[in-house]
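Student: Throughout the sequence shown, residue numbering follows the UniProt record's numbering, covering 1 to 275 in sequence. Ideal Cβ positions, reconstructed from N, Cα and C, are used throughout, including at glycine.
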Amino acid sequence: MGDATTAGRPETATVPEAAESAPPGLDEAGLRLDVAGAVATVTLNRPERRNAMTFATWRGLAAIGRSLPADVRVVVLRGEGPSFSAGIDLGMFSGGGGGEGFTDGSDAEGTDRFIAELQEGYTWLRRPDIVSVASVHGHAIGAGFQLALACDIRVVAEDAKFCMKEPALGLVPDLTGTKPLVEIVGVGRALELCLTARTVLADEAARIGLAEILVPRDGLDAAVRDLADALLAVNPGAAAATKRLLWQAAENTLDEQCAAERREQIGRLREVFGS
Ligand code: CAA
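1) Measuring from the CB of residue 179, is there a heavy atom of ligand 1 at a distance below 7 Å?
2) In whole angstroms, give me the CA-to-CA distance for residue 197 and residue 50.
3) Please specify which runs of the alpha helix (DSSP H), each continuous and at least 4 residues long, are wholly inside the stretch 116 to 168, giving them in chain order.
4) Any heavy atom of ligand 1 closer than 7 Å to the Cβ of residue 165?
5) List the whole-angstrom C-beta distance separating residue 23 from residue 67, where the pair is believed to meet the contact cut-off of C-beta under 8 Å.
6) Who pairs with residue 201 in a beta bridge, going by DSSP?
7) Taking residue 171 as the reference, which of 153, 151, 188, 195 has the closest Cα?
8) Assuming contact is defined by CB atoms lying nearer than 8 Å, are residue 155 and residue 42 in contact in what I supplied?
9) Considering just the uninterrupted stretch of the beta strand (DSSP E) at residue 78, what are its terminal residues?
10) Say yes only if the C-beta of residue 86 is nearer than 7 Å to one or more non-hydrogen atoms of ligand 1, and no if none qualify.
11) Return the residue from the list 102, 247, 61 that minimises the CA-CA distance to residue 25.
12) Taking the C-alpha atoms as reference points, what is the distance between residue 191 and residue 161?
13) Can you give the Cα-Cα distance for residue 207 and residue 89, rounded to whole angstroms?
14) Give me the residue from 247, 262, 232 with the minimum Cα distance to residue 71.
15) For residue 40, does the three-state DSSP call read helix, strand or coil?
16) Going residue by residue through the stretch 193 to 251, where are the continuous beta strand (DSSP E) segments of at least 3 residues, counting only ones entirely within it?
17) To the nearest angstrom, report how far apart residue 142 and residue 52 are at their CA atoms.
18) Going by DSSP, which residues form a beta bridge with residue 83?
19) Does DSSP put residue 61 in a helix, in a strand, or in coil?
20) Count the C-beta pairs between the stretch 95 to 102 and the stretch 245 to 259 that are closer than 8 Å, then say yes if the count reaches three, no if not.
21) Suppose you measure from the CA of residue 87 to the CA of residue 145; what does that come to, to the nearest Å?
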């Protein structure tokens with residue numbers, strides 16, 4: 001019989017170390033990966049560029065998702081320096097470093113494949129075997145805002161500033177952010193935020209649901225650690241099953257969701273009470 005209360009409890013005293021299975025090229029992609037027990041921390045690590053992201057960054061994020069050790073259950077996304085992320089590296093639009101593969105969209109099929117590959121850097125954060133946590137301080141602009149939206153939970157410091165800048169640059173948010181944004185704030189507010197590209201400060205972010213937890217800047221790391229500890233105290237199978245249920249709830253009818261609950265509970269009962 002499984003132990004529903006203590007399974008997967010974290011070793012909170014474990015010192016983070018570079019993951020042995022870290023994919024190659026993370027440095028050049030502006031990323032760092034530290035794994036401590038069941039917690040993996042992904043750091044956007046180009047502080048001198050306010051953690052602006054290149055195509056390599058998004059490919060690096062996807063590679064981290066693919067190579068994550070099986071016992072990792074919480075993934076924290078954070079930014080080094082004054083900002084979470086200033087979004088796409090604007091230098092790539094003018095042929096700067098990291099912009100190889102930049103496309104003007106004339107090859108629709110090729111561009112579709114190209115963007116789909118970059119989106120993989122974000123979509124894995126919804127996998128049921130992990131809980132992803134964005135630890136946001138300073139600016140979270142464009143692709144940076146979308147990265148925070150791709151995570152399951154956002155812990156936000158009082159100095160955080162969110163801005164969906166893409167339409168102001170003639171583009172659309174295409175790194176998976178439109179769906180969670182609408183789910184969280186509704187279509188009207190999402191339109192207002194995107195089409196004015198205005199900045200949402202931390203207080204408002206908490207009020208409209210963009211921040212699950214709002215903390216003083218100097219309490220951010222501790223708040224994320226406390227959250228990770230609490231998440232890891234839950235049985236891993238129950239956590240994964242519950243995440244599957246909650247993320248499908250909005251799209252299911254009540255009947256479909258009730259059936260999904262029954263299916264998941266049968267699996268839980270077998271694991272917790274079966275012989
Ligand atoms: N790309 C490339 N370099 C960037 C950058 C970016 N997105 N954001 C900041 N930097 C660089 C600056 O050029 C500057 O470099 P130098 O020291 O060589 O001059 C350095 O980082 C520090 O920046 P600031 O001096 O501007 O720092 P700040 O703290 O005063 O301001 C900021 C920070 C508000 C984030 C400001 O830098 C800024 O507005 N950056 C641009 C944000 C932006 O428009 N991003 C694109 C969003 S759209 C998107 O992401 C998705 C898409 O598909 C289009």
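Tutor: Walking through what the data contain:
1) no
2) 19 Å
3) 143 to 150
4) yes
5) Between residue 67 and residue 23 the Cβ distance is about 5 Å, and since that is below 8 Å, they are a contact.
6) The bridge partners DSSP lists for residue 201 are 161.
7) Ranking 153, 151, 188, 195 by CA distance to the CA of residue 171 puts 195 first.
8) no
9) 74 to 79
10) yes
11) 61
12) 18 Å
13) 30 Å
14) 232
15) strand
16) 213 to 215
17) Going by the C-alpha atoms only, they are around 10 Å apart.
18) DSSP output for residue 83 lists no bridge partner at all.
19) helix
20) No: fewer than three Cβ pairs fall under 8 Å.
21) 7 Å
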